[in-house]
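Below you'll find the structure, written out as structure tokens, and then a few comments.
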Amino acid sequence: MAMKNITRKSKLAECAVMCTSPLQKARGLIFRRRIKDEAYLFIFEKEAYVPLHMLFVFFPIDVLYLDGRKKVVEMKECFAPFAFYQPQKKARYVIELPAGTVKISRTRIGDAISF
């Protein structure tokens, strides 16, 4: 399934890896070598503050936080390896993308995302 920024008419990823189970969410990108043209989509039952860590992730990524309407409410560009991030907004969906995707796709707060 492709992931697109509807507002900007740009592609975010050719395919999305869905992470819905607790194990998939805990594993995320840990020990992976890289992500190419794919997104990791974390789906939660309801909107919540979703802190992230980059322990044992060896490359930077871009992160989008979406509300229940799939609108971008917060972004973290070039999230560095071994770092932590505490979001300021609640999200129902979290998308992890290759670093630079947000800039290339011109994604901004309030944009609508499809997947």
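Sequence positions in the sequence shown follow the numbering used here and run 1040 to 1154. Note that the Cβ used here is the ideal one computed from N, Cα and C, for glycine as well. Quick caveat, the model's predicted, so the values are computed rather than measured.
**Item:** Proximity winner among K1142, G1139, L1105, relative to I1153 (alpha-carbon distances)
**Value:** Ile is not the amino acid found at residue 1153; the sequence shown has Ser there. With distances taken between Cα atoms, S1153 lies closest to L1105.
**Asked** Considering only the beta carbon of each residue, do V1056 and A1078 sit closer than 9 Å?
**Response** yes
**Message:** Tell me which residue opens and which closes the alpha helix (DSSP H) that I1143 is part of.
**Reply:** 1140–1144
**Request:** Look up K1110 in the DSSP assignment and give the residues it is bridged to.
**Result:** A1151
**Prompt:** Measuring CB to CB, does V1111 end up less than 9 Å from T1146?
**Reply:** yes
**Prompt:** Do the segment 1092–1102 and the segment 1119–1131 touch if we need at least three Cβ pairs shorter than 8 Å?
**Reply:** yes
**Request:** Select from R1131, G1067, K1109, L1062 the residue whose C-alpha is nearest the C-alpha of T1046.
**Result:** K1109
**Request:** Return the chain-ordered list of same chain residues with a C-beta closer than 7 Å to the C-beta of K1129, the five sequence neighbours on each side being excluded.
**Result:** E1086, A1087, Y1088
**Prompt:** Given F1083, which residues of its chain have a CB within under 8 Å of its CB, disregarding the five upstream and five downstream residues?
**Reply:** V1089, A1130, R1131, Y1132, V1133
**Buried versus exposed call for A1041 [16 or more other C-beta atoms within 10 Å across all chains shown]** = exposed
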